[in-house]
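Numbers given in our numbering equal positions in the sequence shown, counted from 1, plus 453. Glycine included, C-beta positions come from ideal geometry on N, C-alpha and C. Here is the structure we will look at, set down as structure tokens.
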Amino acid sequence: MKLITPIVNPDLPTFGDLEKDIQSILNSKQITKGRYLQKLERAIARYLGLPHAVCVSSCTLGLMLVIQCLDLHGEIIVPDFTFIATLEAVLWNGLTPVIVDVDPDSFTIDPQKVEAAITPRTAAILAVHLFGNPANCAALQKIARRHTIKLIFDSAHAFGARIDDRCIGNFGDAEVFSMSPTKLLIAGEGGVITTRDTHLAEKLMRARDYGGRGNGEYDILGLNARLTEYNALLGLKSLRRIKKAVAHRNKVARAYIHNLSTIPGLSFQYIPDAYISAYKDFSILVDESLFGLSRDDLQKELLKKKIETRRYFDPPLHAQPIVKKSSFRAHDVSISQNIASNILQLPMWSTLDLKIVHTICYTIKSIHQKHQR
Ligand SMILES: *Cc1c(COP(=O)(O)O)cnc(C)c1O
């Protein structure tokens with residue numbers, strides 16, 4: 454039996470690569486809040502060209518702490534088409550999510566829809582660099598400035614992405630990356646908050662460690678979001694490979710687009726010219742009437758051929774049970790709903806062999822030909 458081609462395949466170091474450092478961590482007796490955490494934070498800040506990187510134990514906790522430390526109240530505008538964690542960070546802080554639609558081509562939050570959703574209660578915009586494709590940062594920054602509200606990015610997918618020569622991580626008041634195994638930079642579990650605001654960075658460092666002043670007094674609503682030394686070590690190893698990872702994923706994406714664009718009924722996420730996507734995921738949109746098969750049926754057919762795919766993010770936020778149970782406002786989200794119903798992610802990872810990509814494309818082509826009417 455042929456093994457399945459998985460949707461993701463994390464690029465991890467060998468045990469031999471880690472052995473000396475693990476021994477050194479154990480010898481130091483400092484398995485959390487230690488040297489590797491500091492090393493990782495400095496290395497990430499240097500890589501992204503930023504003064505501050507604050508590591509935490511997940512992106513979700515990072516987003517929760519950013520909202521808490523910016524002292525936000527009222528409403529936060531979020532895109533409908535994203536992973537649930539974007540919104541859970543808002544709900545945990547007791548704020549009201551205001552859900553708006555996304556751009557039909559880039560799949561990222563639509564700045565015009567954001568501006569139309571602003572009310573006197575709006576505290577911030579929480580945008581997402583979806584699948585690694587940067588959001589429209591310039592337009593969002595203008596809107597945030599004009600309305601004196603905060604701008605936060607859920608950058609879970611976007612480590613290594615850029616707009617011109619500027620790395621994602623440098624935009625808005627703060628950005629939060631994920632270092633979980635389905636993302637590009639992998640620490641096992643973990644998150645990274647980046648900001649240019651020194652006061653905010655200091656607050657975040659205290660907040661991830663219960664929010665204390667260091668004298669027995671606690672003045673920030675914190676929690677334990679510390680990254681262990683082992684996770685920091687994995688992150689450091691992964692950071693060394695990130696440039697190659699982004700370059701290779703872009704190569705894979707070009708191969709997919711080259712081979713699939715001749716098939717009727719398939720289209721792709723639009724990446725503007727000045728943008729480099731990190732390609733956390735590669736997605737296709739399936740137009741059933743032209744392709745001959747629905748997205749769900751294509752997924753089933755591919756699975757029969759042992760090719761694993763995903764349907765990120767279906768259902769989108771406004772249709773999630775946890776959202777319906779909460780207090781929220783949703784504007785018209787028909788574009789997001791349409792993307793969610795027709796999108797399919799194909800296998801993508803940092804060392805994916807182009808031969809596998811060609812086999813996947815060939816398989817999709819034959820499925821289309823078989824079902825053409
Ligand atoms: C993965 C993901 C998160 C959560 O990251 P964790 O590190 O697992 O908490 C948040 N937002 C988006 C868009 C994600 O895909």
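Within 8 Å: the Cβ of S633 and any heavy atom of ligand 1?
-> Along the sequence shown, read from residue 1 onward, the residue named residue 633 stands at position 180. S633 Cβ: within cutoff of ligand 1.
With respect to 8 Å, is the separation between the Cβ of S511 and the closest non-hydrogen atom of ligand 1 below this value?
-> Translated into the one-based positions of the sequence shown, residue 511 becomes position 58. Under cutoff, so the answer is yes.
Can you grab the Cα-Cα spacing for the pair I719 / I605, in whole Å?
-> As a first step, residue 719 is located in the sequence shown; it is residue number 266 there, counting from the start. As a first step, residue 605 is located in the sequence shown; it is residue number 152 there, counting from the start. The sequence given here places Leu at residue 719; Ile does not occur at that position. Near 32 Å, if we compare the C-alpha coordinates of I605 and L719.
Note down the Cα distance separating V431 from P463, rounded to an integer number of angstroms.
-> Look at the range of the chain in this structure, 454 to 826, and you will see that residue 431 is not part of it.
List in chain order: all unbroken alpha helix (DSSP H) runs of 4+ residues lying wholly within the segment 568-635.
-> Taken in chain order, the whole alpha helix (DSSP H) runs of length 4 or more contained in the segment 568-635 are 590-599.
Using only the heavy atoms of ligand 1, determine whether one of them is closer than 8 Å to the beta carbon of K753.
-> For this step, residue 753 is matched to residue 300 along the sequence shown. Incorrect: K753 has no Cβ contact closer than 8 Å to ligand 1.
Would you kindly work out how many angstroms separate the C-alpha atoms of I639 and S691, rounded to a whole number?
-> Counting from 1 along the sequence shown, the entry for residue 639 is found at position 186. Counting from 1 along the sequence shown, the entry for residue 691 is found at position 238. A direct Cα-Cα distance of roughly 6 Å separates I639 from S691.
Closer than 8 Å by C-beta to D767: which residues in its own chain qualify, once you throw out the five before and the five after it? Chain order, please.
-> As a first step, residue 767 must be located in the sequence shown, where it is residue number 314. Taken in chain order, the residues that qualify are A793, S794 and I796.
Could you tell me whether any non-hydrogen atom of ligand 1 is closer than 8 Å to the CB of V786?
-> Counting from one through the sequence shown, the residue named residue 786 turns up at place 333. No, ligand 1 has no heavy atom inside 8 Å of this Cβ.
Going by C-alpha distance, which of K778, R598 and N703 is nearest T804?
-> Mapped onto the sequence shown, residue 804 falls at position 351. For the residues K778, R598 and N703, the minimum Cα distance to T804 belongs to N703.
Per DSSP, cross-strand counterpart(s) of E528 = As a working note, residue 528 is residue 75 in the sequence shown. DSSP, once it has assigned bridges, lists T549 and T575 as partnering E528.
Enclosing alpha helix (DSSP H) for A706 [first to last residue] | If you number the sequence shown from 1, residue 706 lands on position 253. Taken as a continuous stretch (DSSP letters only), the alpha helix (DSSP H) holding A706 covers I695 to L713.
Which residue's Cα is closest to the Cα of I817: K777, A783, L770 and K753?
-> Numbered from 1 along the sequence shown, position 364 holds the residue referred to as residue 817. Nearest option by C-alpha distance: K753.
Three-state secondary structure assigned by DSSP to T561 = For this step, residue 561 is matched to residue 108 along the sequence shown. Reduced to three states, the DSSP call for T561 is coil.
Hey, is V581 close to ligand 1, as in C-beta under 8 Å from one of its heavy atoms?
-> Start at 1 with the first residue of the sequence shown, and residue 581 comes out as number 128. Checking the Cβ of V581 against ligand 1 gives yes.
Of the listed residues H505, L548 and S747, nearest to H526 (C-alpha basis) = Position 73 of the sequence shown, counted from the start, is the residue given in the question as residue 526. Among H505, L548 and S747, the Cα nearest to that of H526 belongs to L548.
Euclidean distance between Cα positions of D740 and L751 | One-based indexing of the sequence shown puts residue 740 at position 287. One-based indexing of the sequence shown puts residue 751 at position 298. Going by the C-alpha atoms only, they are around 11 Å apart.
Express the C-alpha separation of F612 and F584 in angstroms, rounding to a whole number.
-> Position 131 of the sequence shown, counted from the start, is the residue given in the question as residue 584. Position 159 of the sequence shown, counted from the start, is the residue given in the question as residue 612. The alpha-carbon atoms of F584 and F612 are separated by roughly 11 Å.
Hey, is the segment 653-661 in contact with the segment 508-520, meaning 3+ C-beta pairs nearer than 8 Å?
-> yes
Mapping DSSP to helix, strand and coil, what is I668?
-> Walking along the sequence shown from the start, residue 668 turns up at place 215. According to the sequence as given, residue 668 is Asn; it is not Ile. Coil at N668, not helix or strand.
V810 and I552 look like a contact to me (Cβ under 8 Å); what is the Cβ gap, rounded to whole Å?
-> The residue labelled residue 810 in the question sits at position 357 within the sequence shown. The residue labelled residue 552 in the question sits at position 99 within the sequence shown. Incorrect: roughly 35 Å between the Cβ atoms, too far for contact.
D607 CB to nearest heavy atom of ligand 1 below 8 Å | Position 154 of the sequence shown, counted from the first residue, corresponds to residue 607. Because some heavy atom of ligand 1 lies under 8 Å away, the Cβ of D607 counts as near it: yes.
Can you tell me which of T561, K636 and L540 puts its alpha carbon nearest to the alpha carbon of A592?
-> Indexing the sequence shown from 1 puts residue 592 at position 139. Ranking T561, K636 and L540 by Cα distance to A592 puts T561 first.
3-residue-minimum beta strand (DSSP E) runs that sit fully inside the segment 773-802, ordered along the chain | 796-799
Would Y732 be called buried (16 or more neighbouring beta carbons within 10 Å of its own) or exposed?
-> Translated into positions along the sequence shown, residue 732 becomes position 279. It is buried - the Cβ of Y732 has at least 16 other Cβ atoms within 10 Å.
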